[in-house]
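Student: Following this message is one structure expressed as structure tokens.
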Amino acid sequence: AAFNRVVTLDASLQEISFMIGPLVLVTLATQIGAAEALAVTGVVWAAITIAFGLLPETRAVHGVARTATASILGPVRDRGVRTLVIVAVAMGFCIGATELGVVTVAESHGARGYIGVLYGMWSLGSLAGGLFAMRHATGDPVGRTAMLLVVVGTATALLALAPGPVVLGVLLLLAGIANAPLFGTLYTVMADIAPRNVATEAYSLQTAGL
């Protein structure tokens, strides 16, 4: 339960950047151009990644040594890891479809300037849901994952019913509530089932699938 709270907090705090990021990017794009804004984003992202890699806390982490018989296939040999990667790919489709749908609805209603706000509503719901889930973590992450997958899938489908940006914003706020809790449970399940000597690769596959 404690690990689930930590990873849920991590997933929740990421939503702050998801709320601020689109607004900053759109502002930069209107001021200096879209290509230039993307270039600035890439440079900043690279700099932050390097800074994170150089932190003493990051460099102090040591994983489990590989065994001499470790397969080149790594974590994908594990059926549970493969299942979670498939789930991550499905989540990626939900998120990608939602992101494209937001742009489509906003542009079709002459509200392109509110795209960042709509994304922010989605992330705000996820942040609130994650902080709430932290206080109500249970010892059954698999059961919570199954339930949250149903909630996220249903909520994503309901977004298609939005007649315009205002209703879409409300639905996005509600749809986001289960996102961070779901990522928290997915990370927790992966920690429980991934072989220890390829845990880093297992998490990387999960993120890549998403």
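Each residue of the sequence shown is one higher than the one before, starting from -10 at the first, in my numbering. Just so it is clear, CB atoms sit at the ideal spot from N, CA and C, and this is done for glycine as well.
Check whether the stretch 5 to 17 and the stretch 124 to 143 are in contact - that is, three or more C-beta pairs closer than 8 Å.
Tutor: Touching, no, given that fewer than three Cβ pairs across the two stretches are closer than 8 Å.
Student: For L147 and L160, which I take to be in contact (beta-carbon distance under 8 Å), what is that distance rounded to the nearest angstrom?
Tutor: L147 to L160, Cβ: 6 Å. Contact.
Student: Out of G165, T30, A26, which has the shortest C-alpha to C-alpha gap to T143?
Tutor: Checked all of G165, T30, A26; the closest Cα to T143 is G165.
Student: Identify every run of the beta strand (DSSP E) within the stretch -3 to 79, keeping only runs that are complete inside it and at least 3 residues long; order them along the chain.
Tutor: Runs of the beta strand (DSSP E) inside the stretch -3 to 79: none found.
Student: How many angstroms separate the CA atom of W34 from the CA atom of D181?
Tutor: If I take the Cα positions, the gap works out to 30 Å.
Student: Pull up the distance between the alpha-carbon of T87 and that of L157, whole angstroms please.
Tutor: Approximately 10 Å, taken between the alpha carbons.
Student: Just curious, the alpha helix (DSSP H) that D129 is in, first and last residue?
Tutor: No alpha helix (DSSP H) holds D129; DSSP gives it neither H nor E.
Student: Could you check where the alpha helix (DSSP H) with A167 kicks off and where it finishes?
Tutor: Run containing A167: none; DSSP gives neither H nor E here.
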